[in-house]
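A.B. asks:
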Amino acid sequence: MEQKVIQLVADQTKIDIAKINASTSFVDDLNLDSLDIVELMMKMEDEFDIQIPEEDAEGLKSVQDVVKYLESKQ
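Numbering-wise (the working numbering), the sequence shown opens with residue 9 and increments by one.
#1: When the Cα of Phe-56 is compared with those of Gly-67, Val-74, Ser-70, which residue comes out closest?
#2: Could you tell me which uninterrupted alpha helix (DSSP H) segments, each at least 4 residues in length, are contained entirely in the segment 37-70, listed from first to last along the chain?
#3: When you measure from the CB of Gln-72 to every non-hydrogen atom of the ligand FAD, does any distance come out below 7 Å?
#4: Taking 8 Å as the cut-off, decide whether the C-beta atoms of Ile-14 and Ile-23 are in contact.
#5: Under a Cβ-count criterion, where at least 16 other Cβ atoms within 10 Å of its own Cβ denotes burial, should Leu-38 be classed as buried or exposed?
#6: If you follow the alpha helix (DSSP H) that Ala-18 is part of, which residue opens it and which one closes it?
Right, here's the structure in full:
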């Protein structure tokens, strides 16, 4: 699951996958803005066939946060 999320982040953001790991922060490490994060969450929703409510998405600050969230929804 973690590798799949990392791959999706790399694909969506066009950032080198080598710079992304579980503790990578979307804002602090990848410098994503709110629009980038919304687009990333939409990609996760499509890929994992789930809905991520806006209030949940606001709490997803790192790759690990997303992995934990997705695992809790399966």
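From the three backbone atoms N, C-alpha and C, an ideal C-beta is built for every residue, glycine too.
C.D. replies: Inspection of the coordinates gives the following:
#1: Nearest option by C-alpha distance: Val-74.
#2: 42-56, 62-65
#3: Summarising the ligand content, the structure contains no ligands, and the ligand FAD is consequently not present.
#4: no
#5: Buried, since its Cβ has 16 or more Cβ neighbours within 10 Å.
#6: 10-21
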